[in-house]
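Peer 1:
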Amino acid sequence: MGVAQVMALSGTGGWGPAAVALVLALLAMVGAIRLWVQTGAAWFMLLIVLTTAVALLAQIPVLLLVIAVILGGGLLVRRLVPFRQTIPGIPAARYGAPIRPNEPHPEPDLPAAPLIAPEAALEAWRARHEGTPDKPRLVLLALSGGGYRATFWTAAVLDALFRRDGRFAPADAPETARLDGLVDAVRVIAGASGGMVTGGYVAELAARHATGADPGTLVGMLEADIDSFQAQDPPTMPPGMPAPRAHRVRIPRDSLSAVAWQLLRDLGGMFSPWATTRDRGRVLEAQWRTLSIPFHDVREQEADGLRPSLIFSPMLVESGAPAFISNLRLADFRTHYHNADGRSDADEHSAELFRILPDAYGRTGTDGGAGLTIATAARLSATFPYVLPAVSLPCKPHRRVVDAGYYDNYGIDVVTGLLNADAVRDWVIENCSGVLVIALRAFPDQPTTVPTAPLPRLFWWLTSPVEAMFNARGSSQTFRNREQLRLTRELYGAARAARDPAIPPGQWQQAGRDFVDIVTFTCDTDASMSWHLSDADMAAMQAAAEQMTRPDAPEMARLLRIWGHAADRQAKSTAVSLVVV
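Following the numbering used here, the numbering of the sequence shown begins with 15 at its first residue and continues without gaps.
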């Protein structure tokens with residue numbers, strides 16, 4: 015279309031239909047790119063849009079304009095690389111040779127990642143308690159998602175609990191309010207999104223505690239890392255990305271600003287056909303400097319029982335199942351019940367990242383790269399919709415990774431699944447005096463306030479379906495978690511009754527309830543769910559955490575009672591306590 019034709023269109027009022035057609039063509043181009051990557055059937059949609067536009071407008075100049083845009087889009091599609099955004103720690107060559115995600119041994123020529131059997135890690139931890147009169151208590155943390163609201167709520171509550179441990183407690187702390195040995199008892203940490211960011215720091219704090227170093231506090235570690243990034247002292251950015259200027263005004267607990275700036279840059283590169291190593295997800299994980307440790311670098315500490323094991327579980331878009339990232343071997347956890355012929359079926363929908371991509375585990379020395387870091391795993395588990403990009407694994411068909419909260423926002427699914435694995439259950443019953451699941455949740459299950467403004471009710475006709483969909487997702491997770499916890503208690507009760515003839519035949523369910531304890535700390539203050547937390551919100555959450563961890567608070571009183579009467583409970587049964595955060 016020449017300049018004269020464009021002028022003629024604008025002068026005769028024809029520019030409006032032309033603009034409409036241009037918008038349709040641009041939308042078609044975007045859809046073509048998406049469909050070409052996913053199905054290869056993009057041109058059918060383009061044909062429909064083109065035919066509709068011509069039929070409505072019947073203008074030859076507009077037709078030429080649409081054809082030009084579509085041809086340009088077609089050339090762009092043909093140059094588009096299959097994986098525009100990659101996951102740091104996974105070798106770039108792997109994206110050039112993608113694997114099939116459901117094959118049991120997709121890379122037989124590569125050495126398998128040296129994953130740890132969960133019972134072996136627990137046995138190493140148990141060995142450190144040889145010579146003590148009582149069996150140790152096993153603690154698992156289940157941490158809910160919810161941005162920095164979940165991150166700092168989890169940190170505030172755990173700091174308050176850890177201060178009651180013997181090493182952290184004040185000298186004048188009363189014996190009845192102590193939780194001696196709590197930090198060392200934490201062995202497994204699971205959850206979603208912002209809660210698992212703190213989970214990574216808990217593992218580091220516990221490792222420092224076990225090796226005699228000054229562990230500090232979780233809130234202090236988090237705030238120091240964010241402040242260091244804002245000051246760029248030292249300069250901290252992923253490889254290939256320029257370090258930003260130091261913030262003139264440093265804002266505590268603010269990672270959203272840097273992510274928002276990178277979002278503007280990401281929008282500019284949306285239609286680029288080339289791969290990029292720059293995205294807002296990498297900017298976010300760069301702010302958690304303490305977590306920038308490859309998984310293989312902490313494997314030895316986990317295997318020796320000095321560091322708790324992290325289990326990240328971001329969801330795969332295509333299958334709706336988790337992709338587990340951990341130093342633990344979770345094959346038994348992912349195995350279905352035995353078939354009639356005695357064989358067991360591995361779950362083909364979920365995946366263990368280091369089993370299907372062993373070269374992502376990394377190696378020390380010259381036989382491998384740096385490997386996937388804990389910070390990257392935390393970011394993948396916290397992929398908020400639209401705020402962070404959904405990045406693909408190097409698989410064909412594609413497997414995109416999103417927030418773990420889509421599948422289980424509370425971590426109970428992973429915690430109970432691990433406890434119910436046959437080898438783990440047998441080991442726990444034989445070697446533990448208790449397991450504590452403390453659930454730290456960033457949001458209450460039900461609204462705690464009643465809306466007073468009448469205006470929102472006018473839009474209930476519009477918002478009710480969306481609210482129902484999101485609330486159904488959350489409540490279904492809650493109901494599923496309750497059933498999983500009930501099943502866990504019954505399995506442990508039945509196993510205890512089979513081993514201990516002192517348990518009456520009709521009391522096996524009660525034995526399971528005595529064996530498995532759950533303590534829940536829920537944040538009921540108003541705070542934003544984003545990657546920024548204001549001073550006022552932080553102060554309110556810390557006050558709530560201090561209030562809920564007072565010795566006379568209901569859940570804290572239960573926790574102290576469970577922790578302080580281990581001998582009495584051991585006489586009844588071996589106890590498993592689940593701590594859900």
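The C-beta atom is built at its ideal place from N, Cα and C for all residues, glycine as well.
Between the C-alpha atoms of A127 and H310, what's the straight-line distance to the nearest angstrom?
Peer 2: In a straight line, the C-alpha of A127 is about 9 Å away from that of H310.
Peer 1: From the DSSP output, which residues share a beta bridge with H546?
Peer 2: The partner list for H546 (beta bridge, DSSP) reads D268.
Peer 1: Return the CA-CA distance between A224 and A508, expressed in angstroms with no decimal places.
Peer 2: One C-alpha to the other measures close to 35 Å.
Peer 1: What beta strand (DSSP E) runs, 3 residues minimum, are completely inside the stretch 144-208?
Peer 2: With a minimum length of 3 residues, the continuous beta strand (DSSP E) runs that stay inside the stretch 144-208 are 151-157 and 200-205.
Peer 1: Between which two residues does the alpha helix (DSSP H) harbouring L573 extend?
Peer 2: L573 -> alpha helix (DSSP H) spans P568 to G578.
Peer 1: Between which residues of its own chain and A435 is the CB-CB distance below 6 Å, once the five residues before and five after are set aside?
Peer 2: Taken in chain order, the residues that qualify are D346 and F347.
Peer 1: With DSSP as the reference, label S306 as helix, strand or coil.
Peer 2: DSSP places S306 in coil when its eight states are reduced to three.
Peer 1: Check whether the stretch 539-546 touches the stretch 562-570, counting contact only when three or more Cβ pairs, one atom from each stretch, lie closer than 8 Å.
Peer 2: With a cut-off of 8 Å, the stretch 562-570 and the stretch 539-546 do not count as touching, because too few Cβ pairs lie within range.
Peer 1: Give me whichever residues DSSP pairs with V405 in a beta bridge.
Peer 2: Looking at the DSSP assignment, V405 forms a beta bridge with V415.
Peer 1: Whole angstroms is fine: what's the gap from A374's alpha carbon to P188's?
Peer 2: The straight-line gap from Cα to Cα measures roughly 48 Å.
Peer 1: Roughly how many whole angstroms lie between the Cα atoms of R575 and V451?
Peer 2: Each residue's alpha carbon lies about 14 Å from the other.
Peer 1: Alpha helix (DSSP H) containing D440: first to last residue?
Peer 2: Start and end: D436 to N445.
Peer 1: Can you give me the start and stop residues for the alpha helix (DSSP H) that A238 sits inside?
Peer 2: First-last of the alpha helix (DSSP H) with A238: L232 to A245.
Peer 1: Near V153, what residues of its chain come up, given a Cβ to Cβ distance below 6 Å and the 5 sequence neighbours on each side ignored?
Peer 2: If we look at V153 and ignore the five residues flanking it on each side, its Cβ neighbours are A199, V200, L450 and V593.
Peer 1: By the three-class DSSP mapping on this structure, what secondary structure does E366 have?
Peer 2: E366: strand per DSSP, three-state reduction.
Peer 1: Taking three-plus beta-carbon pairs below 8 Å as touching, is the stretch 415-426 in contact with the stretch 391-399?
Peer 2: The stretch 415-426 vs the stretch 391-399: in contact.
Peer 1: Excluding five sequence neighbours on each side, which residues of the same chain lie with their C-beta closer than 7 Å to the C-beta of L124?
Peer 2: Only P372 and D373 meet the Cβ criterion.
Peer 1: Given a cut-off of 8 Å, decide if I388 and I265 are closer than it, judged by their beta-carbon atoms.
Peer 2: Their beta carbons are not under 8 Å apart, which means I265 does not touch I388 by this criterion.
Peer 1: Just to check my reading of the structure: V211 and L232 have Cβ atoms closer than 8 Å, yes? What is that Cβ distance to the nearest angstrom?
Peer 2: Between L232 and V211 the Cβ distance is about 10 Å, and since that is not below 8 Å, they are no contact.
Peer 1: For D551, is the classification buried or exposed, using 16 other Cβ atoms within 10 angstroms of its Cβ as the cut-off for buried?
Peer 2: By the neighbour-count rule (16 or more Cβ atoms within 10 Å), D551 is buried.
Peer 1: From A272 to S327, what distance separates their C-alpha atoms?
Peer 2: Their Cα atoms are separated by approximately 25 Å.
Peer 1: Indicate the three-state DSSP secondary structure (helix, strand or coil) for R487 in the structure shown.
Peer 2: Helix at R487.
Peer 1: Is it a yes or a no for the stretch 239-248 touching the stretch 506-522, going by three-plus beta-carbon pairs under 8 Å?
Peer 2: At 8 Å Cβ cutoff, the stretches do not touch.
Peer 1: Are the stretch 159-169 and the stretch 329-347 in contact at 8 Å, needing three or more beta carbon pairs?
Peer 2: Touching, no, given that fewer than three Cβ pairs across the two stretches are closer than 8 Å.
Peer 1: Which class does P336 belong to by DSSP, given the choice of helix, strand or coil?
Peer 2: Looking at P336 - three-state DSSP - the assignment turns out to be strand.
Peer 1: Straight-line CA distance for E218 to A227?
Peer 2: Cα to Cα, the separation comes out at about 11 Å.
Peer 1: Roughly how many angstroms separate the alpha carbons of S478 and N485, rounded to a whole number?
Peer 2: Their backbone Cα atoms lie some 10 Å apart in a straight line.
Peer 1: Out of R292, T146 and V428, state which residue places its alpha-carbon closest to the alpha-carbon of L278.
Peer 2: Checking every option, the nearest Cα to that of L278 belongs to R292.
Peer 1: Could you compute how far the alpha carbon of Q301 sits from the alpha carbon of R494?
Peer 2: Each residue's Cα considered, the two are about 34 Å apart.
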